Amino acid sequence: MIQSQLALLKREIWEHRAIFVVPVVVAVVMALTSLTGQVTINDIEHIDIAVVGATNMPESARGIALSGIMVGLSSPFVFAMWILTIFYTLDSLYAERKDRSILFWRSIPCTDFETVLSKLLTAVIVIPLVTFVIIMATHLLVLLNVSIWIDFRGGSAWHLIWASVPFIDNWTATLVLLLALPLWLSPFIGWFLFVSAFSKRSPLLIAASPIVLLPLLEKILFGSVVVAETLFVRAVKMPLFAGLDNMDLLFQGEDHLETLANTELSLLGLMDLGGFLANPNLWLGLLVCGLFTAAAIYVRRYRDENL
Amino acid sequence: MTSLVSARNVSKSFGNFRAVDDVSFDIEKGRIMGLIGPNGAGKTTLLKAVLGLTDCQGSLSVLGLDPFRQRKELMQNICFIADVAVLPRWIRVSQLLDFLQSVHPKFSRTRAEELLQKTDINAKSKVRELSKGMVTQLHLSIITAIDAKLLVLDEPTIGLDIIFRKEFYGNLLNDYFDEERTIIITTHQVEEIENLLTDVMFINHGKVVLDSQMDDIPEKYVELLASTDNAATAQTFNPIYEKDVFGKKVLTFEGIDRDQLAGLGELRTPDIADLFVAKVKGEAA
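Shown next, in the form of structure tokens:
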């Protein structure tokens, strides 16, 4: 069972090369941006003073600043990951019918449950993990790049960067976010899998229609916005950052910045994983995802296309 | 239970259309059964039921299993080629072998590689880069490397040229078939497989119109090539089908002693294609 599941997951990566191509493309863009950024920054007058200034900052403040840069580098990946997940799930059970390979896949001793499960696991685990590895590589690449620049400017890259970066905090927080996001958005993932399993054409259009039309219909017919609000909350208000208040520090005046510089602020500390896991909306969402996935399995198993 | 496949009163409807209509038959181990029927006769539906891809009414047992409910167990012992196009186009040959090795307990990679070495197929190629004939070769090679008890072929050589078709059936007999294995095959090119069949079943409008061992065909059926004069006499023996060929009559009889027809013209055993036409058209008449 586990061996077959691993083989099925491998198959998903072979078939959907976008799973690693998309984050790699983002990584290349980020790396190139950091290179061009250096060229631009070189033109700034007294830039060397900034290097000296950074040297004189307390280490924790440098750590926070560097972590901020790393978060900045990670954000496009998170965005790209979600777009990738949408397209992947919509294609996952549709492509095998379109290219008529479904009969081959069904001739293999794997149940429909195992097959659909492999697609769900790809969306909620494989894609985030691949994205995570590439994010780490991008962080290292960009920091290395900056180190070289600092060395040219006479600063100590070891001191300024490598000794200060809160790698463990930043990467653990990133991993938690990457794994929590698909769980929070799992009702959409389940819906996309289901659409992918039944739609005869344009799964994207079919999947998007109710998301767009239902709130509109509700508004027109009943004048209420329950559906719209539910979808909106689900889409943007992930309850992982219950300690978000701490984040306000970043956007306040200089006094606060100083306080901030002297605190041990960590990204993980901003997250409330326990609260996230205890949130009933998370489990409600997972239940919806489970129902849609079961429907997708049912459709794959019982569909009778009279060939 | 001795039959490998046993069907009793199997039916399958799509709305009001009965694709398979109360069909009963048995297939024993070590046979090669040809399932022959016109388009839309219900062949594919019947095969899908045998493969557990579709549910049906009646009782159907394949290798002692309920194909629809025990599909996973069944698939360990059954292989099928439904059409040449079904291998995924994006997969590399080597990936296909890796995958099967991991998921199929009865797949022998060594055997598959051995078979592929005899072809021009490169392990690094993707299926989409192979010609149609090569895809079929690949499919047959991997299936031959699976130690399965039953192989189902649904129009396996459609769209292939004559050389590939001959080679396909040659390989099927030489590399795949032995007395432990059983094959069910459907094709429109009946004449090409006639010689390899041990059994034949005709299906028309969802019903079985003939189910016989090939060896019994000469005893049961005879074709008479008679002059028009003799044809009138021959017609009194109730032919199941008759047609005109070059000014002569060809009459097909079922269950009649050849001695009774002696002297009326040339007697021969109808080939499967002719017999098929006789059964299907004769029934319609």
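Protein chains in written order, with my numbering: chain A, 747 to 1053; chain B, 26 to 310.
Just so it is clear, CB atoms sit at the ideal spot from N, CA and C, and this is done for glycine as well.
Note that the coordinates shown come from a computational prediction; the quantities given were computed from them, not determined experimentally.
Taking a Cβ-Cβ threshold of 8 Å, the residues of chain A close to R114/B are D845 and S847, in chain order.
Selection F278/B, P130/B and A256/B evaluated against I265/B yields F278/B as nearest (Cα-Cα).
As the crow flies, the alpha-carbon of H762/A is around 40 Å from that of N41/B. R134/B carries a helical assignment under DSSP once its states are collapsed to helix, strand and coil. Neighbours of I854/A across chain B, judged by C-beta separation under 9 Å: M100, F124, L125, V128 and H129.
By DSSP's assignment, I57/B forms a beta bridge with I208/B. At least 8 Å separates the beta-carbon of A170/B from that of F202/B. Comparing alpha carbon positions, the residue from A1042/A, R1049/A, Y1048/A and R1047/A closest to T835/A is A1042/A.
In the same chain as A66/B, and ignoring 5 residues on each side of it, the C-beta atoms closer than 6 Å to its own belong to I228 and N229, in chain order.
The three-state secondary structure of D200/B, taken from DSSP, is helix.
Using a 10 angstroms sphere on the CB of P855/A, the tally of other CB atoms reaches 16 or more, which defines it as buried. Separation of the CB atoms of A943/A and R1046/A is rounded to 5 Å, and the pair is thereby assigned contact status at 8 Å.
Per DSSP, T277/B is one residue of the beta strand (DSSP E) stretching across K273 to E279. Bridge partners of Y834/A according to DSSP: none are assigned. Between the region 813-823 of chain A and the region 839-850 of chain A, the count of C-beta pairs closer than 8 Å stays below three; the two stretches do not touch. Secondary structure at K143/B: coil, using DSSP grouped into helix, strand and coil. Under DSSP, S821/A takes part in no beta bridge, so it has no partner. Here the C-alpha atom of S948/A lies approximately 29 Å from the C-alpha atom of V160/B.
DSSP, reduced to helix, strand and coil, places R43/B within a strand of the structure shown.
Proximity to N916/A across L950/A, D897/A, S820/A and G969/A peaks at S820/A, based on C-alpha coordinates. Taking a 10 Å sphere around the C-beta of H164/B, we find 16 or more other C-beta atoms and assign the residue as buried. Straight across, the Cα-Cα distance linking F878/A with S864/A is about 19 Å. Contact of F850/A with chain B by beta-carbon distance below 7 Å involves V111, L112 and P113. If you ignore the 5 residues before and after C81/B, its C-beta comes within less than 6 Å of the C-beta of V35, K37 and A74, all in its own chain and listed in chain order. Taking a beta-carbon distance threshold of 8 Å, A753/A counts as an interface residue toward chain B. At a C-beta separation below 7 Å, T868/A has no neighbours in chain B, since its nearest C-beta there lies roughly 15 Å away.
For T857/A, the neighbours in chain B by C-beta distance under 8 Å run, in chain order, R96 and K97.
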